[in-house]
């Protein structure tokens with residue numbers, strides 16, 4: 001069902017390109033609201049009643065979105081309330097489109113009048129600059145004179161200079177990927193001791209990296225000469241071979257920053273080498289006799305941007321740029337010249353005052369939503385020798401840092417006049433960090449980007465074709481592109497990007513760590529968990545099968561008055577809308593909260609649910625991801641589908657202990673799963689139990705937590 005909606009999403013974007021603040025951006029805005037607006041979140045009931053009544057449906061501001069997407073409405077039920085209409089309308093925007101609201105240019109961030117720095121074009125031009133003697137590619141001249149093997153052993157040179165045969169390319173484009181796996185988790189051998197000298201780091205990185213990375217090294221357990229943590233060493237060794245890498249164990253609390261440092265080092269190393277090659281060839285060409293045609297100087301792509309870094313929030317872009325600056329500054333005396341730095345800090349930084357002081361949120365939430373969490377941005381960065389230019393026009397940039405939404409709004413849709421994706425034609429390194437968050441933002445944008453990367457440009461953009469590598473002219477750049485993908489979890493959608501959109505000729509490394517114990521072991525309340533397996537013919541039929549199974553088998557058991565206080569946790573917004581419409585039609589006594597519900601609506605729903613005035617509460621995963629409210633009064637839980645983030649499972653179960661008396665031990669928890677949920681199931685119950693539950697003849701399994 002989502003295929004059609006995806007198509008309509010692409011089209012509806014073009015028509016709705018009215019600069020309005022999307023519902024989703026309002027949602028983001030509320031994450032950092034002033035203390036008084038959200039501190040009543042954990043208030044006692046009397047206050048919340050007052051708040052609920054006084055704020056009664058501030059619908060005027062919601063009305064502007066309502067009409068935006070009403071063309072392709074999927075559920076035909078008439079929706080009386082304003083908020084309902086907004087909700088339903090969102091469906092047309094493709095499944096996870098809901099929050100993407102592509103039209104959203106947040107005026108407060110000046111995205112509409114997009115600033116690009118046009119002043120310093122010649123200073124940063126690759127065509128007109130030459131290698132400075134002392135800053136050059138260390139020993140470039142020596143290397144040239146004796147063409148010493150050192151340079152040819154450089155993984156960058158080896159990767160970019162390899163000439164593929166037509167046959168090899170044909171083979172890569174037709175054959176399914178083969179993977180060599182062994183049970184041993186060290187399938188890919190990594191040198192335990194990396195000597196910085198052997199990594200072929202470009203000057204000044206050899207000297208700056210150990211200083212910049214010092215914060216992650218504990219003096220105790222490591223030999224003094226290693227400037228990498230064990231994790232960085234493994235990751236960087238793989239990155240440096242130019243293989244694709246998928247690492248699904250990124251954690252904002254523990255290893256997120258050391259991973260960010262490692263890929264920034266790799267990206268900068270790549271750009272410095274590529275640019276040094278161009279500049280030293282410029283100098284050679286300047287010195288050669290006129291009239292001598294030389295084909296040896298093919299050293300660039302069809303467009304200049306070489307590295308594309310996709311990150312979810314402005315804060316991430318800010319941190320990346322800071323790492324770049326610190327990696328380029330050899331010491332305090334040799335500061336590098338960074339243009340537009342002040343503007344960048346203003347647009348990408350955040351005001352510490354903004355954060356409401358008294359909200360208690362889990363640590364992982366604080367780590368993910370730190371700083372400026374606007375998700376609509378893109379910025380070009382040019383790096384030349386000792387200076388760096390922020391806000392460079394894309395065609396004069398070496399590195400582009402952007403969010404999926406920032407990319408989506410410039411790539412545009414088919415019939416749009418203003419769209420551009422030529423600058424993606426020669427991307428050599430694609431880095432996607434925190435890929436799991438895009439599942440919560442809008443996965444469609446990621447797929448849209450992958451379809452537009454490494455295509456032949458529609459325009460020449462003033463390139464000198466005598467300098468373009470043959471691989472780019474042959475339209476083979478996708479076979480040379482390295483993709484680095486970091487995520488907090490394994491997910492079929494993320495896996496599919498890695499397997500269907502990555503064609504690197506050197507191959508891929510995917511890290512797969514098996515979850516031995518699942519998040520169910522973190523549930524502290526005494527609770528029977530009933531897992532019910534539903535049988536579906538194929539992936540596409542699961543959606544309907546689950547719905548039928550739920551209304552035929554599960555819901556009847558929970559309709560009895562004794563089963564009130566039932567929370568139904570729904571990961572997919574589509575499923576949520578479908579259930580909500582069904583509940584309305586059946587006139588069930590229920591309330592609902594999703595990522596678009598207004599604050600007053602949330603207060604009211606929580607109050608009705610706590611007091612038992614409403615039997616059911618429909619609750620979306622995205623609301624939980626962005627808000628992490630404590631829902632009080634849960635006695636019965638239904639997981640309509642397993643959560644995307646496994647720790648949400650234990651988090652939601654543990655909310656039961658917020659209910660006054662833990663005495664009436666009639667609490668229940670029911671979970672629906674199918675064989676297509678294997679990864680999510682393993683993350684909740686562990687790998688061994690998952691195998692049993694998927695192969696067993698029985699389709700109901702019971703776990704009891706919190707007994708001891």
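In the working numbering, the protein residues as written are 1 to 708.
Every residue gets a Cβ at the ideal spot worked out from N, C-alpha and C, and that includes glycine.
The straight-line gap separating the alpha-carbon atoms of residue 274 and residue 258 is approximately 25 Å. When the Cα atoms are used, residue 394 and residue 374 turn out to be separated by approximately 21 Å. Residue environment for residue 470: exposed (fewer than 16 other C-beta atoms within 10 angstroms of its C-beta). Secondary structure note for residue 569: its beta strand (DSSP E) is the uninterrupted segment 566–570.
DSSP, read as helix, strand or coil, puts residue 318 in helix. Between residue 424 and residue 308, the gap from beta carbon to beta carbon is short of 8 Å. Excluding its 5 nearest sequence neighbours in each direction, residue 608 has C-beta neighbours in its own chain below 7 Å: 591, 614, listed in chain order. Taking the CA atoms as reference points, residue 619 sits about 8 Å from residue 576. If you draw a straight line from the Cα of residue 419 to the Cα of residue 518, it comes to about 45 Å. At a cut-off of 4 residues, the continuous stretches assigned as alpha helix (DSSP H) that sit fully inside the stretch 364–452 are 404–411, 435–441, 443–452. The Cβ-Cβ distance between residue 267 and residue 431 falls below 8 Å.
Annotation note: the stretch 541–602 contains the following uninterrupted beta strand (DSSP E) runs of length 3 or greater, listed N- to C-terminal: 566–570, 590–593. In the structure shown, residue 336 falls within a coil segment according to DSSP collapsed to helix, strand and coil.
In the three-state scheme derived from DSSP, where H, G and I count as helix and E and B as strand, residue 533 is classed as strand. Beta-bridge partners of residue 494 (DSSP): none assigned. Residue 407 holds the alpha-carbon nearest to the alpha-carbon of residue 378 among 300, 240, 443, 407.
From the listed residues 640, 535, 636, the smallest Cα separation to residue 694 is found for 535. Take the alpha-carbon of residue 499 and the one of residue 692: they are about 28 Å apart. When DSSP states are grouped into helix, strand and coil, residue 701 belongs to the strand group. Taking a C-beta distance under 8 Å as the contact criterion, residue 526 and residue 686 do not qualify as a contact pair.
Counting C-beta pairs closer than 8 Å gives fewer than three between the stretch 501–511 and the stretch 330–349, which falls short of the contact rule. Within the model, the alpha-carbon separation for residue 271 versus residue 398 is close to 7 Å. Take the alpha-carbon of residue 491 and the one of residue 229: they are about 27 Å apart.
Per DSSP, the unbroken alpha helix (DSSP H) holding residue 695 starts and ends at 687–695. According to the DSSP secondary-structure assignment, residue 247 is paired through a beta bridge with 486. For residue 292 and residue 286, the gap between their C-alpha atoms comes out near 12 Å. By the neighbour-count criterion, in which 16 or more other beta carbons inside 10 Å mark a residue as buried, residue 566 falls on the buried side. Runs of beta strand (DSSP E) with 3 or more residues, each lying fully within the stretch 629–664, are found at 636–639, listed in chain order. Put simply, the stretch 430–445 does not touch the stretch 463–480. Fewer than three CB pairs are less than 8 Å apart.
Under the DSSP assignment, residue 510 falls outside any alpha helix (DSSP H), being part of the beta strand (DSSP E) whose first and last residues are 508–510. Under the DSSP assignment, residue 208 falls in the alpha helix (DSSP H) whose first and last residues are 205–213. Rounded to whole angstroms, residue 434 and residue 245 show a C-alpha spacing of 14 Å.
Sixteen is the threshold: when 16 or more other Cβ atoms of the shown chains lie within 10 Å of the Cβ of residue 199, as they do, the residue is buried.
The continuous beta strand (DSSP E) containing residue 616 extends over residues 616–620. In this structure the stretch 668–687 touches the stretch 641–652; the number of beta carbon pairs closer than 8 Å is three or more.
With a 10 Å radius around the Cβ and a threshold of 16 neighbouring Cβ atoms, residue 690 comes out buried.
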